[in-house]
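**Student:** Residue numbers (my numbering), protein chains in the order written: chain S, 1 to 406; chain F, 1001 to 1406. Ideal placement from N, C-alpha and C gives every residue a C-beta, glycine not left out. Quantities reported herein were computed from a predicted structural model and do not represent experimental measurements.
Protein chains: 2
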Amino acid sequence: MAKMIGPSSENTRSAILDLIRSGGVVSRVDLVETSGLTAASITRIVKTLMSDGLVIETGFGDSTGGKRPTLLELNAGSRYAVGISLDDARLTYVVTDLAGVLVGRLVSAGIGDTYPPTVIERIQAELDVLLTQLDIERSDVVGVGVAGAGRRDVSGAVLRASLSAPDWENFAVKQALEAASGFTVFLENDSACAALGEFWVGRIPATQDFATLYMATGIGCGLIIRGSVYGGASSNAGEIGHMIIDVNGPDCWCGSRGCLEMLAAPLAVVQRALADTTLATSLGLSGQPSELRMDFARIARAAAQGDPGCVALIEQSANFLAKALISLANLVDLDRLYLAGPGFADAGSIYYRIIRDQLDSLAFMRSVHPVHVELSEVGLESAALGAAAVALQSELTPHHKVASGV
Amino acid sequence: MAKMIGPSSENTRSAILDLIRSGGVVSRVDLVETSGLTAASITRIVKTLMSDGLVIETGFGDSTGGKRPTLLELNAGSRYAVGISLDDARLTYVVTDLAGVLVGRLVSAGIGDTYPPTVIERIQAELDVLLTQLDIERSDVVGVGVAGAGRRDVSGAVLRASLSAPDWENFAVKQALEAASGFTVFLENDSACAALGEFWVGRIPATQDFATLYMATGIGCGLIIRGSVYGGASSNAGEIGHMIIDVNGPDCWCGSRGCLEMLAAPLAVVQRALADTTLATSLGLSGQPSELRMDFARIARAAAQGDPGCVALIEQSANFLAKALISLANLVDLDRLYLAGPGFADAGSIYYRIIRDQLDSLAFMRSVHPVHVELSEVGLESAALGAAAVALQSELTPHHKVASGV
DNA sequence: ATACTTACTAAGATAATGTTAGTGAGTTTC
DNA sequence: GAAACTCACTAACATTATCTTAGTAAGTAT
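1) I want to verify the contact list: residues of chain F whose CB lies under 9 Å from the CB of S:MET365, in sequence order.
2) For F:SER1228 and S:LEU31, what's the separation of their Cα atoms in angstroms?
3) Would you kindly check if the distance between the Cβ of S:VAL25 and the Cβ of S:LEU71 is under 7 Å?
4) If I measure Cβ to Cβ from F:ALA1340 and keep anything under 6 Å in the same chain, skipping five residues before and after, which residues do I get?
5) Under the rule that 16 or more other beta-carbon atoms within 10 Å means buried, what is S:LEU392, buried or exposed?
6) Give me the subset of the segment 247-274 of chain S whose CB atoms are less than 7 Å from a CB atom of chain F, sorted by chain position.
7) Mind listing, in chain order, the continuous alpha helix (DSSP H) runs of no fewer than 4 residues lying wholly within the segment 288-312 of chain S?
8) What does the alpha-carbon distance come out to for the pair F:ALA1147 and S:ALA345?
9) Can you find a C-beta in chain F that's less than 7 Å from the C-beta of S:ALA323?
10) With DSSP collapsed to three states, give me the class of F:LYS1003.
11) Do you know offhand how far S:THR281's Cα is from S:ILE355's?
12) How about the segment 1244-1263 of chain F and the segment 238-254 of chain S: do they share at least three Cβ pairs that are nearer than 8 Å?
13) Given this structure, state the Cα-to-Cα distance separating S:PRO342 from S:GLY36, to the nearest angstrom.
14) Closer than 7 Å, Cβ to Cβ, to anything on chain S: give me those residues from the segment 1168-1195 of chain F, in chain order.
15) What residues are listed by DSSP as bridge partners for S:PHE364?
16) Taking the alpha helix (DSSP H) that F:ILE1084 belongs to, which residues open and close that run?
17) So which residues of chain S does F:ASP1335 contact, with C-beta pairs closer than 7 Å?
18) Would you verify that the beta carbon of S:HIS372 is, or is not, closer than 7 Å to some beta carbon of chain F?
19) Since S:SER191 and S:GLY222 are thought to touch, with beta carbons under 8 Å apart, how far apart are those beta carbons, to the nearest angstrom?
20) Where does S:MET243 fall in DSSP's three states?
21) Just the Cα atoms here: how many angstroms apart are F:ARG1138 and F:SER1051?
22) Please say whether F:VAL1094 and F:ALA1388 have beta carbons closer to each other than 7 Å?
23) Given this structure, state the Cα-to-Cα distance separating S:THR132 from F:LEU1325, to the nearest angstrom.
24) Quick one, are the C-beta atoms of S:ILE240 and F:LEU1331 less than 7 Å apart?
25) In the DSSP output, what is S:TYR230 paired with across the bridge?
26) Would you decide whether S:ARG44 is buried or exposed? Buried here means 16 or more other CB atoms lie within 10 Å of its CB.
27) Over what stretch of residues does the alpha helix (DSSP H) that includes S:SER35 continue unbroken?
28) According to the neighbour-count rule (16 or more other Cβ atoms, all chains shown, within 10 Å of its Cβ), is S:GLY59 buried or exposed?
29) Which chain S residues sit within Cβ distance under 7 Å of F:MET1243?
30) State the Cα-Cα distance for the pair F:GLU1169 and S:ALA363, rounded to the nearest angstrom.
31) For the segment 1078-1091 of chain F, enumerate the residues whose C-beta is nearer than 8 Å to any C-beta of chain S, in chain order.
32) Counting only beta-carbon separations shorter than 7 Å, does S:SER368 have a partner in chain F?
33) Is it buried or exposed, S:MET4, if we count other Cβ atoms within 10 angstroms and call 16 or more buried?
34) Which two residues bound the contiguous beta strand (DSSP E) that contains S:ASP128?
35) To test your reading of the DSSP string, which unbroken beta strand (DSSP E) runs of 3 or more residues are found completely within the segment 329-376 of chain S?
36) Cβ of F:LEU1362 less than 7 Å from any chain S Cβ?
See below:
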């Protein structure tokens, strides 16, 4: 958690940097107003940020009757961050600049059932290729963020991934990759990454809280509170996939029943589609566990093109999601929600419509304020981009300690 | 939210005060260790706290091979706070010292359908009586906290209370009571109060997050994050009563269906009891809306004494609550939960047992850490005691801005 | 008694912020 | 088109919070 005690210089510095990041293009006077500090202090702090190359002056604003304000921006090209999404189906690498903007990418085969150390070796090699391609110095990389599904223990190991191979249980991804690559590595779950990515590139100020629903094979949710990922007791907050939305619902592998994931996740949608043999054959569904994501994508694409049966299936899934999100909104008095992840790639607009409508009409606080819903634009790479944002944040605004296991 | 920028003195001062509060009896050396500051700084800060009368030296600890440590404590008797629980059934006033310990109380008739300004007048008069009785100077009272059910708008008015009379809609309780009494008034919802009370008197350090489930007529939940009430977008966080736990459940007045409150709240239990006419007559249930709490108490008492029908009813309610709490625990990765409020007064142990067992066996993170459940000891007065804690906190540790609507 | 430990404090060094009083560069007004 | 004004920004100093260093006070161990 954020240190509350001691000299405030570092806090202030990163808070100002955060205001510049979230503001995009700001003058010193803007910073005076938003920060509450005096102009003299802003002058001094900006000077240190510029001398570190993190911020640059990029021109002048319009005069309002006196001297024109000098405009400041993040010096986006001064440093880079890498984000990796560890996923069953594929590995997605992204390289971003300081502003979190994509500058390069690479996609390779998923983890499958490969022995973890072998995967780490491959990652290290692919990372090297990517950075060389982009002509980026290793010393300009602030760190590598890794987004993966599953619970994490306090040491930063993936404790129980939904990754297929049991080898990954208790395998210390962070330590292994740090040793192999030489970079500082941050491990965070994919939902939290997606949420932080939204925060970083979306220019959301650190004062505004929001949630990101992330759907891939499973369903998770990242909570950004006061500008940083809310981790809860053991950095595992956001398990909305096991919210119970039907006390009489089907048994879930987690031991409970009627969990959101059982009713709304891609697997549930595909299983319902398979039950309708006509639909299943016309879509060419395989029904193989390894093809789950492909099968779901086929249904989602057909729904997006108006196939009534598929629309009904997606709407059913969206309705379940909406119920869980209403509960979430009521619980934390949410006013901003993003939808992200590959699960929304093909039929995102259907999900968006239903979720937005239901929150508008059923959220408990609707008479006080609306819940603003957005379909994230970062699409398939949201987790990887967010992982890069985790690395950026830990470097640039270290007071927002991202719980990353030592 | 907590100010992150500017001089750190006030933050530090209140952080140290918070360490003393949560520590109970501590030495300066303890503070050095827990705060991370140097001994010299602790000396200076403790000096200012003592000169303000907030902290006193109370003796010496055991030597561990050198000079004995001087023990410090909150100077509990130096100031007082008032907490009022505004409730349908009754008004509960409590006076506490700085440590949040009860030093006096008064219970009077509930709000019923009285015209709000009349209630304010009565409160003002009863407050005067109570303080005079206890021989407490008005200048030693740091403020008055008011706990009430219902949604609040940003200005601190009760926007939509579940209080019976529609007059209370949009009535600005805070402003009216401040004008009438001359005290600083803080308005917070009853669940949040109960949670903060737990925090303040329970010596929970500000670094540990937890939730308090509060059941009176409705069901709410207070979230304490980093030592302060988490309010969300409009200070209305904690609406667990409208978490959807059965997508096929009965319609709720909130517009949604299958809400926790519809299935588990006292009203639901009483209605189920009334459906069984034998049970209803043997318990002497009235079935009148105004007698709801009494009827529920009859069932709860019978259950506590082992009446099988009543036990079944309470267990059913507890099971629904447990499902919602599992979802909550999964969502925010909870590791501490308190049960508070009049709803647990009579059959608390049944609720406790079922909720604890279900969290132990079904919470998603059970393999990483348990969820520690406790039946709050403050009982019926938890909301009022918590309201007093709201006043205490805003006075003593102002960096934990309690969202109280200006 | 002597040496050592521990708890705490005093005094000065360092550093972050605020205060006050500018300067530079634009607009407005007559 | 110069004088007056505004606004953005900065320099120099004052204030203050922290840490550093070097104590002192009060205990234990030998």
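**Tutor:** For this structure:
1) Position 365 of the first sequence, counting from 1, holds the residue named residue 365 of chain S. Near S:MET365 (Cβ distances below 9 Å), the residues of chain F are ARG1151, GLY1232, ALA1233, SER1234, ASN1236 and GLU1239.
2) Stepping through the second sequence from its first residue, residue 1228 of chain F is reached at position 228. Stepping through the first sequence from its first residue, residue 31 of chain S is reached at position 31. Answer to the nearest angstrom: the Cα atoms are 27 Å apart.
3) As a first step, residue 71 of chain S must be located in the first sequence, where it is residue number 71. As a first step, residue 25 of chain S must be located in the first sequence, where it is residue number 25. It is a contact, given that the beta carbons lie within the stated cut-off.
4) In the second sequence, counting from the first residue as 1, residue 1340 of chain F sits at position 340. Answer for F:ALA1340: ALA1194, THR1212, TYR1214, SER1376 and SER1382, listed in chain order.
5) The residue given as residue 392 of chain S occupies position 392 in the first sequence. The residue in question, S:LEU392, is buried, as its Cβ has 16 or more Cβ neighbours within 10 Å.
6) VAL247, ASN248, CYS254, GLY255 and SER256
7) 292-304
8) By one-based count along the second sequence, residue 1147 of chain F stands at place 147. By one-based count along the first sequence, residue 345 of chain S stands at place 345. Each residue's Cα considered, the two are about 45 Å apart.
9) Reading the first sequence from its first residue, position 323 is the one you call residue 323 of chain S. In the sequence on display, residue 323 of chain S carries Lys and not Ala. Output row for S:LYS323: interface = yes.
10) If you number the second sequence from 1, residue 1003 of chain F lands on position 3. Residue placement at F:LYS1003 cannot be trusted, given a pLDDT of 43 that sits under 50; the coordinates are not used to answer.
11) Position 281 of the first sequence, counting from 1, holds the residue named residue 281 of chain S. Position 355 of the first sequence, counting from 1, holds the residue named residue 355 of chain S. Roughly 30 Å between the two C-alpha positions.
12) yes
13) As a position in the first sequence, residue 342 of chain S is number 342, starting the count at 1. As a position in the first sequence, residue 36 of chain S is number 36, starting the count at 1. If you take the alpha carbons of S:PRO342 and S:GLY36, they lie about 41 Å apart.
14) none
15) In the first sequence, residue 364 of chain S corresponds to position 364, counting from 1. Partner(s): none; S:PHE364 has no beta bridge.
16) Here residue 1084 of chain F is taken as the residue at index 84 of the second sequence, counted from 1. Not the alpha helix (DSSP H): F:ILE1084 falls in the beta strand (DSSP E), residues 1080-1086.
17) The count along the second sequence starts at 1 and reaches residue 1335 of chain F at position 335. Chain S residues near F:ASP1335: ALA233.
18) Mapped onto the first sequence, residue 372 of chain S falls at position 372. With 7 Å as the cut-off, S:HIS372 does not count as an interface residue toward chain F.
19) As a working note, residue 191 of chain S is residue 191 in the first sequence. As a working note, residue 222 of chain S is residue 222 in the first sequence. 4 Å between Cβ atoms; contact.
20) The residue you call residue 243 of chain S lines up with position 243 of the first sequence. Here S:MET243 sits in coil by DSSP.
21) Here the question's residue 1138 of chain F lines up with position 138 in the second sequence. Here the question's residue 1051 of chain F lines up with position 51 in the second sequence. In a straight line, the C-alpha of F:ARG1138 is about 21 Å away from that of F:SER1051.
22) Against the second sequence, residue 1388 of chain F aligns to sequence position 388. Against the second sequence, residue 1094 of chain F aligns to sequence position 94. Taking 7 Å as the Cβ cut-off, F:ALA1388 and F:VAL1094 qualify as a contacting pair.
23) By one-based count along the first sequence, residue 132 of chain S stands at place 132. By one-based count along the second sequence, residue 1325 of chain F stands at place 325. Cα to Cα, the separation comes out at about 50 Å.
24) In the first sequence, the residue the question calls residue 240 of chain S occupies position 240. In the second sequence, the residue the question calls residue 1331 of chain F occupies position 331. It is a contact, given that the beta carbons lie within the stated cut-off.
25) Walking along the first sequence from the start, residue 230 of chain S turns up at place 230. DSSP lists no partner for S:TYR230.
26) Residue numbering aside, residue 44 of chain S sits at position 44 when the first sequence is read from its first letter. So S:ARG44 ends up on the exposed side.
27) One-based indexing of the first sequence puts residue 35 of chain S at position 35. Note, S:SER35: alpha helix (DSSP H), 28-35.
28) Translated into the one-based positions of the first sequence, residue 59 of chain S becomes position 59. Per the 10 Å Cβ criterion, exposed.
29) Within the second sequence, the letter at position 243 stands for residue 1243 of chain F. Correct list: SER327, ASN330 and LEU331.
30) Position 169 of the second sequence holds residue 1169 of chain F. Position 363 of the first sequence holds residue 363 of chain S. Computed Cα separation, rounded: 19 Å.
31) none
32) As a working note, residue 368 of chain S is residue 368 in the first sequence. Note on identity: in this sequence residue 368 of chain S is Val, with Ser being the wrong assignment. Yes, because at least one Cβ of chain F sits closer than 7 Å to the Cβ of S:VAL368.
33) Against the first sequence, residue 4 of chain S aligns to sequence position 4. Residue placement at S:MET4 is flagged as unreliable, the pLDDT there being 49, under the threshold of 50; the coordinate-derived value follows with that caveat. Looking at its Cβ environment, which holds 16 or more other Cβ atoms inside 10 Å, S:MET4 is buried.
34) Position 128 of the first sequence, counted from the first residue, corresponds to residue 128 of chain S. Element bounds for S:ASP128: not the beta strand (DSSP E) but the alpha helix (DSSP H), 116-134.
35) 336-340 and 372-375
36) The residue given as residue 1362 of chain F occupies position 362 in the second sequence. It does: the Cβ of F:LEU1362 has a partner Cβ on chain S nearer than 7 Å.
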